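Numbering (the numbering used here), first residue to last: 26 to 645.
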């Protein structure tokens, strides 16, 4: 058992694509934490399919390596601001942060987002300048830019006096100065042992603050956190203390109450990619505990004896800025592809998500089959929908909306983002023009290397819904975009999100090339031939502003009379397929996205054409 002086607890902070996960792979390999056959695993800490496909970290995960006689506990944190709720709750497990910065790009907005929270907690800063082998890399300029960043967010003198090491995680070498000879990646482990402080141990009985949780079909709920004081052994009886929900309008919340008293069935430690059973653990270590019936992030696990208990404060995170409606799939094809289709199953799944996803809020909707789900951003909610879809759920979701509020003068306000875009100089004008039309305000523009421009803008959050894919098109794939929440500002009024109407299916049936060939002159089609469709489903985008009801299910009638156009071949343009995020950004308020394990279908909220017509007349 390692004493607290032989333990180092660190979180790894980096902007998206600055090499954080590759660095963790290199450190695990260097410390010999991977078994034979695991050594070639890439992105080892990205455990979920979604994380590997998108190349981003979504959920924070602890791992541990033993280097010499020191145990180094590493917590992999998300780099995207939409998953800031993950970051806020795991920083209380660590004593220092390893800030990984790209030697070419320098510190980016989401590096600032997480580092600001680490600075506010008084954590020790250790800087790793990665990708020094990249053409155009300026390692020393990156160190200066990181110093400016820390000074700008109110870092203390001790935090500003941060140690630095340079490396290339992909090429697996590190050095104290870029001019030095290349050394092994174990130098970073020596760097951590030397500069990261050991954990601070509190006096008193056993106490653990639940920073994240897991659910195992055999063990049940698993609480993951750092033991702040005392010692926990398998078989100990612990009390689980929970703060009541925060009341609205700033009222004072009541004291925490005992949710349950339970016996520790399993005590697990971390080593490499695996968990292993432990008989006991002491203050300073990161562990996982099983045995409780219920669990929420922010709970305190402490001694059964009230006189020696220690209660941790309420876990507060930044409020959500975007909301969507989740509802049961009530379309004609409901239940054909999914395993979970009822409102009860949907409610259970969302309730389970809220327990671990502290940045998420779920409230009842207008009907018993509808739920209002609020999150940090479009990506945060999109990942939840994609996860549920892969688990076998069927549901319909509305277009994301920003959460508006009124200030002390009763004026309506909306959330804003600080947006930074890097792109080739040739496409700068197009980016500025598009964002100006969306309400964006240019704050700064400077060079980001040969032929590259860096733009800083302040723009309404709702203007960025669906903009990422448009930006990549406008910049021919050369653009890099990052946004962080900047606070609330004046509401800019309603804005039309789509310049053209849609083509709506008239009646259920199967699409035919004969009908689609005639309809493709009316607009862009989203559906190909020989696909089952239903009335009210969106077939494509109309070339004009109004919606148009069409019938794509008319087959060519065969007769024994030869006509002039009998042998004409029909050429169909390939349909425009949209990803989940693109589909969410495309739909209007009167439309829904039907999400099933195999399909994404755009549809009108009300499938009955006559009823939609009557409602439009009544509004008009």
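Where a beta carbon is used, it is the ideal one built from N, C-alpha and C, also for glycine. No experiment lies behind these values; they were computed from the predicted model shown.
1. Out of curiosity, what's the CA-to-CA distance linking residue 61 and residue 301?
2. Among 186, 122, 90, which has the Cα closest to the Cα of residue 38?
3. What's the gap between the Cα of residue 151 and the Cα of residue 474?
4. With DSSP as the reference, label residue 49 as helix, strand or coil.
5. Report all residues from its chain with a CB closer than 7 Å to the CB of residue 156; omit the five preceding and five following residues, and keep chain order.
6. Run through the stretch 170-249 for me and flag every whole beta strand (DSSP E) of 3 or more residues, listed as ranges in chain order.
7. Taking only runs that begin and end inside the stretch 341-388, name each unbroken beta strand (DSSP E) of 3 or more residues, in chain order.
8. For residue 449 versus residue 477, is the C-beta spacing smaller than 8 Å?
9. Three Cβ pairs or more, each shorter than 8 Å: is that satisfied between the stretch 351-366 and the stretch 611-622?
10. Report the residue from 560, 581, 548 whose alpha carbon sits nearest the alpha carbon of residue 648.
11. Report all residues from its chain with a CB closer than 6 Å to the CB of residue 66; omit the five preceding and five following residues, and keep chain order.
12. Evaluate residue 610 with the Cβ neighbour count: other Cβ atoms within 10 Å of its Cβ, from every protein chain shown; 16 or more gives buried, anything less gives exposed.
13. Decide if residue 616 is buried, meaning its Cβ has at least 16 other Cβ atoms within 10 Å, or exposed.
14. Helix, strand or coil for residue 31 per DSSP?
15. For residue 274, count neighbouring Cβ atoms within 10 angstroms of its own Cβ and tell me buried if that reaches 16, exposed if not.
16. Per the DSSP calculation, residue 629 is bridged to which residue(s)?
17. Confirm, please, whether the CB-CB distance from residue 628 to residue 567 is below 8 Å.
18. Count the other C-beta atoms from every protein chain shown that fall within 10 angstroms of the C-beta of residue 268, then say buried if there are 16 or more, exposed otherwise.
19. So, do the stretch 255-265 and the stretch 230-238 have three or more beta carbon pairs nearer to each other than 8 Å?
20. Please go through the same chain and pick out, in chain order, the residues whose beta-carbon is closer than 8 Å to the beta-carbon of residue 93, but skip the five residues on each side of it.
21. What residues in its chain sit with their C-beta under 8 Å from that of residue 543, if we drop five residues either side in the sequence?
22. Output the boundary residues of the beta strand (DSSP E) element that contains residue 296.
23. Considering only the alpha carbon of each residue, which of 147, 337, 140 lies closest to residue 235?
24. Is the beta carbon of residue 265 sitting closer than 8 Å to the one on residue 287?
25. When we look at the beta-carbon of residue 454 and count the other beta-carbons within 10 Å, is it buried (16 or more) or exposed?
26. DSSP state of residue 470, grouped into three classes?
27. Taking the alpha-carbon positions, what's the residue 53 to residue 434 distance?
28. Going along the chain, which unbroken runs of the beta strand (DSSP E) with 3 or more residues stay wholly within the stretch 442-501?
29. Taking the alpha-carbon of residue 290 as reference, which of 280, 279, 318 has the nearest alpha-carbon?
30. Are there 16 or more other CB atoms within 10 angstroms of the CB of residue 282, so buried, or fewer, so exposed?
31. Is it buried or exposed, residue 331, if we count other Cβ atoms within 10 angstroms and call 16 or more buried?
32. Residues in its own chain within less than 7 Å of residue 539 by CB, not counting five upstream and five downstream?
33. Between residue 493 and residue 514, what straight-line distance do the alpha-carbon atoms span, to the nearest angstrom?
34. Tell me which residue opens and which closes the alpha helix (DSSP H) that residue 541 is part of.
35. Just checking my contact of residue 48 with residue 125 at CB under 8 Å: how many whole Å lie between their CB atoms?
36. Which residues bound the alpha helix (DSSP H) around residue 404?
Put simply:
1. Because the pLDDT at residue 61 is just 42, under 50, the model does not fix this residue reliably, and the point stays unresolved.
2. 122
3. 26 Å
4. helix
5. Correct list, in chain order: 44, 127, 128, 129, 162, 193.
6. 189-193, 198-200, 232-241
7. 347-352
8. yes
9. Short answer: they touch.
10. Any answer about residue 648 is impossible in this case: the structure gives the chain only from 26 up to 645.
11. With a pLDDT of 45 at residue 66, under the threshold of 50, the modelled position of this residue cannot be trusted; read the value that follows with caution. Taken in chain order, the list of residues that qualify is empty.
12. buried
13. buried
14. Correct three-state label for residue 31: helix.
15. Caution is warranted here: a pLDDT of 49 is assigned to residue 274, below 50, making its placement in the model unreliable, and the coordinate value is therefore given only provisionally. Looking at its Cβ environment, which holds fewer than 16 other Cβ atoms inside 10 Å, residue 274 is exposed.
16. 616
17. No.
18. So residue 268 counts as buried.
19. yes
20. So the qualifying residues of the chain are 218.
21. none
22. 291-296
23. 337
24. yes
25. exposed
26. strand
27. 55 Å
28. 466-472, 477-485
29. 318
30. exposed
31. Burial is judged here by how many other beta carbons sit within 10 angstroms of a residue's own beta carbon; residue 331 has fewer than 16 and is exposed.
32. The beta carbon of residue 539 is closer than 7 Å to those of 579, 580, 581, 595 in its chain, skipping five residues each way along the sequence.
33. If you draw a straight line from the Cα of residue 493 to the Cα of residue 514, it comes to about 22 Å.
34. 538-544
35. 6 Å
36. 403-415
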